[in-house]
Amino acid sequence: MIEKKFGIIGKPLSHSLSPVLQNFWFKKNNLKANYSLMEIEKKQIKDILNKIRTKEISGINVTIPYKQEVIPYLDLVINDAKETSSINTIYLNSNNKLVGDNTDVYGFEKSFINNLNNKDLINKNFLIIGAGGVAPSLIYALWKKKIKKISISNRTYQKAEVIKKKFPFIEIISWEDIVGKSEEMDVIINATSLGMKNGLDFEITIERFKPGLIYYDVIYNPLSTKMLKSFKEKNLKTFNGLDMFLYQGQKSFFLWNKITPIIDEEIKTEIILNLK
Ligand code: NAP
């Protein structure tokens, strides 16, 4: 049997643990397949997507900075990808159409929203810090749950304005006002890359907040960012991005193979061992 090829496109990619995740599941499910890092320049997007059309590659994930850039090369943008204009999973469907879908929304729902009670969600104030590629997926997942009291803050203000065009109900807070406005928030979400291992971190610290504040961090390497640690030490409910990573990967795996791989302690341990 020929080995099927899968991979992730983006740049830079060295931080990505998607090969560890997907190859673990291929092995577990006895599938002859290999998933690799495909670090490419923007001008190579068309060629790599053509390899899915010719069935040389069976499916790809997309990460920064190409989640929007791939759209012109696709035949269909469906489901959550259509609502967010953010693509992270591509495959060829049974009609030979190149399809772009989004599994980040599902990842965020399964790892966060579904773990909270309605009382933690309804009529609560959400602050999303960051307006990059992942932010529309978080906003759309919250909107589906009828959560509309969402503020967003981003270093580059114009990028928050672009997101507001898609989701007019959100309020933009200037980057300088995060600390001042934090006191009004019930949930704070870090959707930036600040706090990632070997990267830059927040220069601010949030000292004043509501007693029951919930903090979510999209980052999973490290498992506890400085910001997450500071809230955890104050006995607040915190979430890191590991489960979101696992669930978005699980749905991608399903879209490609029509098998739902199992998320258990074994795969979590495997990922944690591979955090560099
Ligand atoms: P992105 O499109 O590159 O956006 C990066 C975001 O971080 C932007 O809001 C950017 O602000 C901000 N940022 C970067 N450096 C900054 C700095 N020095 N000061 C202030 N803000 C800064 O990335 P993305 O796709 O949105 O991903 C964001 C993070 O989420 C990444 O760490 C990614 O690994 C993680 N992620 C995790 C999962 C998961 O499954 N857990 C899924 C998707 C993404 P500007 O707009 O001002 O540049």
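According to numbering that gives the first Met the number 0, the sequence shown is numbered sequentially starting from 0.
For glycine and all other residues, C-beta sits at the position ideal for the given N, C-alpha and C.
(request) Check whether the Cβ of Lys158 lies closer than 6 Å to any heavy atom of ligand 1, and answer yes or no. (result) Yes, Cβ of Lys158 sits closer than 6 Å to a heavy atom of ligand 1.
(request) Measuring alpha carbon to alpha carbon, tell me which of Ala140, Gly9 and Thr62 ends up nearest Leu120. (result) Leu120 has its Cα closest to that of Ala140, out of Ala140, Gly9 and Thr62.
(message) To the nearest angstrom, how far is the alpha carbon of Asn87 from that of Lys145?
(response) Asn87 and Lys145: Cα-Cα distance of roughly 24 Å.
(request) Consult DSSP for Leu75 and reduce its assignment to one of helix, strand or coil. (result) Taken through DSSP and simplified to helix, strand or coil, Leu75 comes out as strand.
(request) Compute the beta-carbon to beta-carbon distance between Asn239 and Ser223, rounded to the nearest angstrom, for a pair I have assumed lies under 8 Å. (result) Contact holds; Cβ gap of about 7 Å.
(message) Among Asp216, Gly132 and Asn95, whose alpha-carbon lies nearest the alpha-carbon of Phe201?
(response) Residue Asp216 is the option with its Cα nearest to Phe201.
(message) Below 8 Å on the Cβ atoms is my contact criterion, and I expect Leu73 with Ile89 to pass it. Report the Cβ-Cβ distance as a whole number of Å.
(response) That pair is a contact at about 7 Å.
(request) Could you pull out every residue in the same chain whose Cβ sits closer than 6 Å to the Cβ of Asn273, ignoring the five residues on either side in sequence? (result) Leu16 and Val19.
(message) For Leu126, which residues in the same chain have their Cβ closer than 6 Å to its Cβ, ignoring the five residues on either side in sequence?
(response) Cβ within range, chain order: Ser150, Met184 and Ile187.
(request) Output the boundary residues of the beta strand (DSSP E) element that contains Met37. (result) Taken as a continuous stretch (DSSP letters only), the beta strand (DSSP E) holding Met37 covers Ala32 to Glu38.
(request) Please state if the CB of Ile8 and the CB of Ile51 are separated by a distance shorter than 7 Å. (result) Cβ atoms of Ile51 and Ile8: not closer than 7 Å.
(request) Measure the C-alpha to C-alpha separation of Ser35 and Ile59 and round it to an integer number of angstroms. (result) A straight-line Cα-Cα distance of about 9 Å links Ser35 and Ile59.
(request) Locate the beta strand (DSSP E) running through Asn60, then write down its first and last residues. (result) Gly58 to Val61 is the extent of the beta strand (DSSP E) around Asn60.
(request) Taking Gly99 as the reference, give the member of Asp263, Tyr105, Gln21 and Ser84 with the closest Cα. (result) The shortest C-alpha separation from Gly99 is found at Ser84.
(message) Residues in the same chain with beta-carbon distance under 7 Å from Glu2, minus the five sequence neighbours each way, listed in chain order, please.
(response) Counting only Cβ-Cβ distances below 7 Å, and skipping sequence neighbours, we find Lys31, Ala32 and Asn33.
(message) Can you tell me which residues form a DSSP beta bridge with Val186?
(response) Beta-bridge partners assigned by DSSP to Val186: Phe125 and Ile213.
(message) According to DSSP, is Gly248 part of a helix, a strand, or is it coil?
(response) Three-state result, Gly248: helix.
(message) Could you check whether the Cβ of Ser15 sits closer than 7 Å to any Cβ belonging to chain C?
(response) No chain C is part of this structure, which consists of one protein chain only.
(request) Grab the span of the alpha helix (DSSP H) containing Ile266 for me, first residue to last. (result) Going by DSSP, Ile266 is part of the alpha helix (DSSP H) stretching over Glu264 to Asn273.
(request) Determine, using beta-carbon pairs with one atom in the stretch 92-108 and one in the stretch 245-257, whether at least three such pairs fall under 8 Å. (result) The stretch 92-108 and the stretch 245-257 touch, with no fewer than 3 CB-CB distances between them shorter than 8 Å.
(request) Tell me whether Thr277 sits in a helix, a strand or coil according to DSSP, three-state version. (result) Outside the shown range of the chain, which is 0 to 275, sits residue 277, and nothing can be said about it.
(request) Run the proximity test for Gln247: is its beta-carbon closer than 6 Å to any non-hydrogen atom belonging to ligand 1? (result) At least one heavy atom of ligand 1 is nearer than 6 Å to the Cβ of Gln247, so yes.
(message) Going by beta-carbon coordinates alone, are Ile213 and Lys180 separated by less than 7 Å?
(response) With a cutoff of 7 Å on beta-carbon distance, Ile213 and Lys180 are scored as not near each other.
(request) Assign Gly198 to one of two classes, buried (16 or more other C-beta atoms within 10 Å of its C-beta) or exposed (fewer than that). (result) A residue is called buried when at least 16 other Cβ atoms come within 10 angstroms of its Cβ; Gly198 does not meet this threshold and is exposed.
(request) Taking the CB atoms as reference points, tell me whether Ala159 and Ala130 lie closer together than 7 Å. (result) In this structure, Ala130 lies closer than 7 Å to Ala159 by Cβ.
(message) Just to confirm the assignment: which complete alpha helix (DSSP H) runs, minimum length 4, are found wholly within the stretch 117-181?
(response) Runs of the alpha helix (DSSP H) spanning 4 or more residues and lying entirely within the stretch 117-181 occur at 117-120, 134-143, 156-165 and 177-181, in chain order.
(request) Give me whichever residues DSSP pairs with Thr88 in a beta bridge. (result) Paired residues: Asn60 and Asp100.
(message) Quick check on DSSP: helix, strand or coil for Lys41?
(response) The answer is helix: DSSP assigns Lys41 an H, G or I state.
(request) Can you give me the Cβ contacts of Leu193 inside the same chain, cut-off strictly under 7 Å, excluding the 5 residues immediately before and after it? (result) Closer than 7 Å at Cβ, skipping near neighbours: Leu199, Asp200 and Phe201.
(request) Per DSSP, which residues does Phe5 bridge with? Please list them. (result) Partner(s): Tyr34 and Gly58.
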